[in-house]
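Q: Before anything else, here's the structure in question.
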Amino acid sequence: MPELPEVEILRRHLQPLLAGRRVADVLVSRPRAVRPGTPEALASAMRGARFADVGRRGKFLLFALVTRGKARKVVGHLGMTGRMYLEPSDAPRAKHEAVSIALDDGHERLVFEDPRGFGRFTTDRSSVDALGPEPWDESLDAGGFAGALRGTRRAIKIVFLDQSVVAGIGNIYASEALFLAGIAPGRAANTVTANQAKRLLDAIRVVLEAAIASGSKATLDFASGSDGLFYHGSAGEGPKHDERFRVYDREGEPCPRCRSPIRRSVDGGRSSFWCAKCQA
Ligand SMILES: [Zn+2]
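With positions in the sequence shown counted from 1, the corresponding number in the working numbering is that position plus 112.
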């Protein structure tokens, strides 16, 4: 499932391809993707507008559009295995196409493909408005971060997944950051000390920045026809870059620090990977 780094890489890929392009038409094949809005609302918000910018908040893409001087935003979310890419309009339609946006003279289109049906392409902004700060936000300092963690007894890993303390982290990068900071995923958030919270915030930034750098390089390394998609577990021909993970999906393999076997445990129905010796 794509997390902040994968979405950021896609954003950087789509931004120059879409900026300045005009929306000629909007075709919604799966109304579920635009919920809680309607296909008609999406079409009337987008038709005739120009893409001004492609931004990102957490795991969401923010398509900024302008029509007759009025700004509009459309929110995109890849869900579990979604993809967004441009292709010629006469290419065969993808089996799981959810939304297709015809651009300019109609020779090219932006496609949102969503095999699992968990993604979104919608004018509804409520999910984005509920997000906590970006990991690099100036408002997120070590003191504030520690304070937010003190407010809950839930496992630290679960706190990350709900996006309210910090946006963009999912299962993979939560495991990675907790390993780097030496904190066990099942640890009650309110027992994390101020020093540990600072270490954890630093670790979050380090793993996300490294993943963006590594994924950006990988997408550039695609011979041609890169669609900007790069994330762990994605099918397709891209190079596998899961070797960048220190503990994620490495149950039974030696810890990179102490060589004891990596454990897998389940927090809130999701797997955590960690070292019982290095993390407490
Ligand atoms: Zn270890």
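We put the beta carbon where it would ideally sit given N, CA and C, even for glycine.
Computed from a predicted structure; not experimentally measured.
(1) Going straight from the alpha carbon of G257 to that of G380, what length do you get?
(2) What residue does the alpha helix (DSSP H) around M158 start on, and which one ends it?
(3) Taking the C-alpha atoms as reference points, what is the distance between S383 and P247?
(4) Flag this pair as touching only if the segment 265-274 and the segment 202-222 have three or more C-beta atom pairs under 8 angstroms; answer yes or no.
(5) Measuring alpha carbon to alpha carbon, tell me which of Q127, I284 and P297 ends up nearest R168.
(6) Can you say whether D226 is buried or exposed, counting buried as having 16 or more other CB atoms within 10 angstroms of its CB?
(7) Which runs of the beta strand (DSSP E) at least 3 residues long sit entirely within the segment 194-260? Give them in chain order.
(8) Within the chosen definition, does the segment 116-132 reach the segment 159-167 through at least 3 CB pairs nearer than 8 angstroms?
(9) Any heavy atom of ligand 1 closer than 7 angstroms to the Cβ of R362?
(10) May I ask you to check if the CB of R375 is nearer than 7 angstroms to at least one heavy atom of ligand 1?
(11) Is any non-hydrogen atom of ligand 1 found closer than 7 angstroms to the C-beta of R369, if you look at the structure I gave you?
(12) Specify the secondary structure class of F172 as computed by DSSP and reduced to three states.
(13) Measuring only from the beta carbon, is S372 closer than 7 angstroms to any heavy atom that is part of ligand 1?
(14) Are the beta-carbon atoms belonging to A279 and G327 less than 8 angstroms from one another?
(15) Mind checking whether V277 and A260 have CB atoms under 8 angstroms apart?
(16) Going by DSSP in three states, T303 sits in which element: helix, strand or coil?
(17) Restricting to Cα atoms, I'd like to know which of T193, G218 and G191 is closest to E202.
(18) Reducing DSSP to helix, strand and coil, say where A315 ends up.
(19) What is the residue span of the alpha helix (DSSP H) that F385 lies within?
(20) Can at least three beta-carbon pairs, one atom from the segment 145-156 and one from the segment 167-182, be found at a separation below 8 angstroms?
(21) Which word fits G149, buried or exposed, when buried means at least 16 other C-beta atoms lie within 10 angstroms of its C-beta?
(22) Check for me: the alpha helix (DSSP H) holding K269 runs from which residue to which?
(23) Nearest CA to the CA of R237: which residue from V187, R142 and R371?
(24) Which residue marks the beginning of the beta strand (DSSP E) containing V135, and which one marks its end?
(25) Tell me where the alpha helix (DSSP H) around S287 begins and ends.
(26) Please return the same chain residues whose Cβ sits closer than 8 angstroms to the Cβ of C367, not counting the five positions on each side in sequence.
(27) Tell me the rounded alpha-carbon separation between M196 and D314.
A: To lay it out plainly:
(1) Checking the sequence shown, residue 257 turns out to be Phe, not Gly. Looking at the two C-alpha atoms, the distance is approximately 22 angstroms.
(2) P151 to M158
(3) 22 angstroms
(4) no
(5) Q127
(6) buried
(7) 195-200, 209-215, 220-225 and 232-234
(8) yes
(9) no
(10) no
(11) yes
(12) strand
(13) yes
(14) no
(15) yes
(16) helix
(17) Residue identity check: residue 202 is Asp in the sequence provided, not Glu. Ranking T193, G218 and G191 by Cα distance to D202 puts G218 first.
(18) helix
(19) Counting along the chain, F385 falls outside any alpha helix (DSSP H), though it belongs to the beta strand (DSSP E) covering R382 to W386.
(20) no
(21) buried
(22) I268 to L273
(23) V187
(24) V135 to V140
(25) N283 to A293
(26) V359, P373, I374, C387, K389 and C390
(27) 31 angstroms
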